[in-house]
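Colleague:
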Amino acid sequence: MLMAQLRERAPLPEVLASVARLTALARVGRVVLDRRQLTRATDPGVPDGVVAMGKALELHGLDAIELATTMTDAEFLKLAGLLIGEQHDDAVQLMETADAMSIWNVRFLSAHTGEFVRVPSAPLAAARPLSQPMAPAPSATVAHLSADVEAHFSRIELAVARGDGVILCRELGELSLAAHFGKAATPMVLQLVVEQLLDTKVPPEDVIALLQRAGAAGARATFLQLIAAIDVGDRRTLYDTMVSLNATPDVAREYLTHDVWYVVRNAVCLLGETRAQSAIGAIGQALRHADHRVRIAAVVSLGQIGGPVALARLESVLFDPSVDVRTRALSIVFAAPDGEPLPDRLVGVLNEEQAIEYQLEIVAALGHLQTPRARHRLQQVCETPANSFEGTELRIAAIEALRRGHPEVADAMLLKLQDDPSPMIRERIASMLR
Numbered sequence: 001m002l003m004a005q006l007r008e009r010a011p012l013p014e015v016l017a018s019v020a021r022l023t024a025l026a027r028v029g030r031v032v033l034d035r036r037q038l039t040r041a042t043d044p045g046v047p048d049g050v051v052a053m054g055k056a057l058e059l060h061g062l063d064a065i066e067l068a069t070t071m072t073d074a075e076f077l078k079l080a081g082l083l084i085g086e087q088h089d090d091a092v093q094l095m096e097t098a099d100a101m102s103i104w105n106v107r108f109l110s111a112h113t114g115e116f117v118r119v120p121s122a123p124l125a126a127a128r129p130l131s132q133p134m135a136p137a138p139s140a141t142v143a144h145l146s147a148d149v150e151a152h153f154s155r156i157e158l159a160v161a162r163g164d165g166v167i168l169c170r171e172l173g174e175l176s177l178a179a180h181f182g183k184a185a186t187p188m189v190l191q192l193v194v195e196q197l198l199d200t201k202v203p204p205e206d207v208i209a210l211l212q213r214a215g216a217a218g219a220r221a222t223f224l225q226l227i228a229a230i231d232v233g234d235r236r237t238l239y240d241t242m243v244s245l246n247a248t249p250d251v252a253r254e255y256l257t258h259d260v261w262y263v264v265r266n267a268v269c270l271l272g273e274t275r276a277q278s279a280i281g282a283i284g285q286a287l288r289h290a291d292h293r294v295r296i297a298a299v300v301s302l303g304q305i306g307g308p309v310a311l312a313r314l315e316s317v318l319f320d321p322s323v324d325v326r327t328r329a330l331s332i333v334f335a336a337p338d339g340e341p342l343p344d345r346l347v348g349v350l351n352e353e354q355a356i357e358y359q360l361e362i363v364a365a366l367g368h369l370q371t372p373r374a375r376h377r378l379q380q381v382c383e384t385p386a387n388s389f390e391g392t393e394l395r396i397a398a399i400e401a402l403r404r405g406h407p408e409v410a411d412a413m414l415l416k417l418q419d420d421p422s423p424m425i426r427e428r429i430a431s432m433l434r
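The UniProt record's numbering puts the first residue of the sequence shown at 1, with every later residue one more than the last.
(1) In three-state terms, what does DSSP make of Glu-66?
(2) Can the beta-carbon of Ile-208 be found closer than 7 Å to that of Val-263?
(3) Along the chain, where does the alpha helix (DSSP H) that runs through Lys-416 open and close?
(4) Out of Arg-265, Asn-387, Glu-383, which one is the CA nearest neighbour of Ala-398?
(5) DSSP on Ala-126, reduced to helix/strand/coil?
(6) Does the region 151 to 165 come close enough to the region 177 to 195 to have 3 or more Cβ pairs within less than 8 Å?
(7) Just to confirm my understanding: we take Leu-270, look at its own chain, exclude 5 residues before and 5 after, and list those with CB closer than 6 Å. What are they?
(8) Express the C-alpha separation of Val-92 and Ser-154 in angstroms, rounding to a whole number.
(9) In whole angstroms, what is the alpha-carbon distance linking Glu-357 and Gly-173?
(10) Within 10 Å of its beta-carbon, does Ala-229 have 16 or more other beta-carbons around it, so buried, or fewer, so exposed?
(11) Classify Arg-107 as helix, strand or coil using the three-state DSSP reduction.
(12) Leaving out five residues before and five after Asp-250 in sequence, what residues of the same chain have Cβ atoms less than 7 Å from its Cβ?
(13) Looking at the unbroken alpha helix (DSSP H) that takes in Arg-275, where does it start and where does it end?
(14) Report the three-state DSSP secondary structure of Arg-32 (helix, strand or coil).
(15) Apart from the five residues just before and just after Ile-280, which ones in its own chain have a Cβ nearer than 7 Å to its Cβ?
(16) What residue range is occupied by the uninterrupted alpha helix (DSSP H) comprising Thr-248?
(17) Based on Cα-Cα distance, which residue from Ala-386, Cys-169, Leu-59 lies nearest to Asp-206?
(18) Cβ atoms of Asn-105 and Ala-68: under 7 Å apart, would you say?
(19) What number of angstroms, rounded off, separates the C-alpha of Leu-109 from the C-alpha of Asp-73?
(20) Between the beta-carbon of Ile-283 and the beta-carbon of Val-300, is there less than 7 Å?
(21) Would Leu-33 pass as a contact of Phe-76 if the rule is Cβ separation under 7 Å?
(22) Measuring alpha carbon to alpha carbon, tell me which residue in Gln-285, Val-294, Ile-425, Thr-200 is nearest Ala-386.
(23) So, is residue 460 buried or exposed, given that buried needs 16 or more other C-beta atoms within 10 angstroms?
(24) Do you know whose CA, among Ala-159, Thr-257, Val-160, Leu-414, lies nearest Arg-434's CA?
(25) Could you pull the start and end residues of the alpha helix (DSSP H) that Arg-375 belongs to?
(26) By how many angstroms is the C-alpha of Met-432 removed from the C-alpha of Thr-257?
(27) Could you check how far apart the C-beta atoms of Asp-320 and Arg-295 are, in whole angstroms? I think they sit under 8 Å.
(28) Just verifying my parser: in three-state terms, what is the DSSP assignment at His-289?
(29) Which word fits Ala-412, buried or exposed, when buried means at least 16 other C-beta atoms lie within 10 angstroms of its C-beta?
(30) Taking 6 Å as the cut-off, is the C-beta of Ala-68 nearer than that to any heavy atom in the ligand GDP?
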């Protein structure tokens, strides 16, 4: 398709879209295009471009080309231009041209020499005799499979551009090979998948299955949504999902040294949900955190795990400067009758959601989520009238987060708020528009 587009001078966006699909396909694994197989592909279902590729290789004296997984967009464009260009007398002349064009991630099999070689200037370039093991040439079935995978990647790319998590869930679910799924499940794709837990347009068990399959990347995408969730109901849904994912303990450990207290608190709470003795060491580190709310979460998590090792760690905070930390630790260590019982789902997810400092940190986190839902949440906060200084402060923080994380809609929001009833908002907007 790319060769035909260049030959027909197709619009640049169409050419770039084809290049992007080819690059994504190459990342899945090394590809060998064999002229002898391509020119014999007579099945009516085989695309015309397959036969055209075979004829182009024959025209330039090549039996095959091998594309590395490191192929770049620029190399795909150059290679396509080279193959539709003027006929070369032999493969050596073509490779000299390729060398001059810095096409380094391709190996050429000359019909005359029977050798698979890279261009001379390519890193680690070395000839390999044809007698050495060579990947089998793709059959028509493989060509069909590759075309199908390419179609999946194309639909996924379009769904990301539209912010359509429903289509993404369906497309990811249809990718059976782990390599294809891993390549498609980018952080942005997974963020949109996680949001389907909150939009409820896809059965939650299907979404959780995809996140489970994505491993640490799926758990990480869910955690990022958790720390940016405003609604208590959304946080509970995301928290419960995190508890169900196998990769959650490893991801939670990544955030134990985060700068923001409530991010650390969520990580500690999730480690406590594992009920695993192996988590005691990591949770114990949080007992020395500067914020007493993190220390309380660590105490509760150790109480959830239980056992002599966890109780020994709790004894170290019986003289904590915070009375709340001491009381919680005492209620667990000595099982005081009036001690507050441990909740099934830690208060770390549900408590203090109305505190202004908590809301400011959540708004800042939303600025780092590049999804339509996050953008819509920020826009809502920007436009919601405030009856207090703290509410106005929250709106200003949302405007800053929108400018930082979603600049494509920030200018329109600034213009919309120029005549806002709040003098503080008008003053800040005026300073931003100068």
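Backbone N, C-alpha and C fix where the C-beta goes; we use that ideal spot for every residue, glycine too. Everything numeric in this text was worked out from a predicted model, so none of it was measured.
Modeller: Let's see:
(1) Counting from one through the sequence shown, the residue named residue 66 turns up at place 66. Residue state, collapsed to three classes: strand.
(2) Indexing the sequence shown from 1 puts residue 208 at position 208. Indexing the sequence shown from 1 puts residue 263 at position 263. Cβ atoms of Ile-208 and Val-263: not closer than 7 Å.
(3) Looking up residue 416 in the sequence shown gives position 416. That run of the alpha helix (DSSP H) goes 407 to 416.
(4) As a first step, residue 398 must be located in the sequence shown, where it is residue number 398. Selected option, being the one with the closest Cα: Glu-383.
(5) Along the sequence shown, read from residue 1 onward, the residue named residue 126 stands at position 126. Bear in mind that the predicted position of Ala-126 carries a pLDDT of just 38, short of 50, making it unreliable; the figure below should be weighed with that in mind. Ala-126 falls in the coil class under three-state DSSP.
(6) yes
(7) The residue labelled residue 270 in the question sits at position 270 within the sequence shown. Within the same chain, Leu-270 has close Cβ partners Met-242, Thr-248, Ala-252.
(8) By one-based count along the sequence shown, residue 154 stands at place 154. By one-based count along the sequence shown, residue 92 stands at place 92. Near 35 Å, if we compare the C-alpha coordinates of Val-92 and Ser-154.
(9) For this step, residue 357 is matched to residue 357 along the sequence shown. For this step, residue 173 is matched to residue 173 along the sequence shown. Taking the straight line from one Cα to the other gives about 39 Å.
(10) Counting from one through the sequence shown, the residue named residue 229 turns up at place 229. With 16 or more Cβ atoms within 10 Å of its Cβ, Ala-229 is classed as buried.
(11) The residue given as residue 107 occupies position 107 in the sequence shown. It is a strand residue.
(12) Taking the first residue of the sequence shown as 1, we reach residue 250 at position 250. Closer than 7 Å at Cβ, skipping near neighbours: Ala-216.
(13) On the sequence shown, residue 275 is found 275 positions in, with the first residue counted as 1. First-last for Arg-275: undefined, no H or E at that position.
(14) Along the sequence shown, one-based indexing puts residue 32 at 32. Here the sequence assigns Val to residue 32, which means Arg is not the residue at that position. Strand at Val-32.
(15) Residue numbering aside, residue 280 sits at position 280 when the sequence shown is read from its first letter. Once the five neighbours on either side are set aside, the close Cβ partners of Ile-280 are Leu-302, Ile-305, Val-309, Ala-310, Arg-313.
(16) Position 248 of the sequence shown, counting from 1, holds the residue named residue 248. Its alpha helix (DSSP H) spans residues 248 to 254.
(17) For this step, residue 206 is matched to residue 206 along the sequence shown. Residue Cys-169 is the option with its Cα nearest to Asp-206.
(18) Mapped onto the sequence shown, residue 68 falls at position 68. Mapped onto the sequence shown, residue 105 falls at position 105. It is a contact, given that the beta carbons lie within the stated cut-off.
(19) Here residue 109 is taken as the residue at index 109 of the sequence shown, counted from 1. Here residue 73 is taken as the residue at index 73 of the sequence shown, counted from 1. Looking at the two C-alpha atoms, the distance is approximately 22 Å.
(20) Residue 283 sits at position 283 when you count from the first residue of the sequence shown. Residue 300 sits at position 300 when you count from the first residue of the sequence shown. Taking 7 Å as the Cβ cut-off, Ile-283 and Val-300 do not qualify as a contacting pair.
(21) Looking up residue 33 in the sequence shown gives position 33. Looking up residue 76 in the sequence shown gives position 76. Contact: no.
(22) Walking along the sequence shown from the start, residue 386 turns up at place 386. If we check each option's Cα against that of Ala-386, Ile-425 comes out closest.
(23) The first residue shown for the chain is 1 and the last is 434, placing residue 460 beyond what the model contains.
(24) What you label residue 434 is simply residue 434 of the sequence shown in a count that begins at 1. With distances taken between Cα atoms, Arg-434 lies closest to Leu-414.
(25) Numbered from 1 along the sequence shown, position 375 holds the residue referred to as residue 375. Arg-375 -> alpha helix (DSSP H) spans 372 to 383.
(26) Here the question's residue 257 lines up with position 257 in the sequence shown. Here the question's residue 432 lines up with position 432 in the sequence shown. C-alpha separation (whole angstroms): 34 Å.
(27) Counted from its first residue, the sequence shown places residue 320 at position 320. Counted from its first residue, the sequence shown places residue 295 at position 295. Right, their Cβ atoms sit about 6 Å apart.
(28) Against the sequence shown, residue 289 aligns to sequence position 289. Coil, per DSSP.
(29) Residue mapping note: residue 412 aligns to position 412 of the sequence shown, counting from 1. So Ala-412 counts as exposed.
(30) This structure lacks the ligand GDP; in fact it carries no ligand of any kind.
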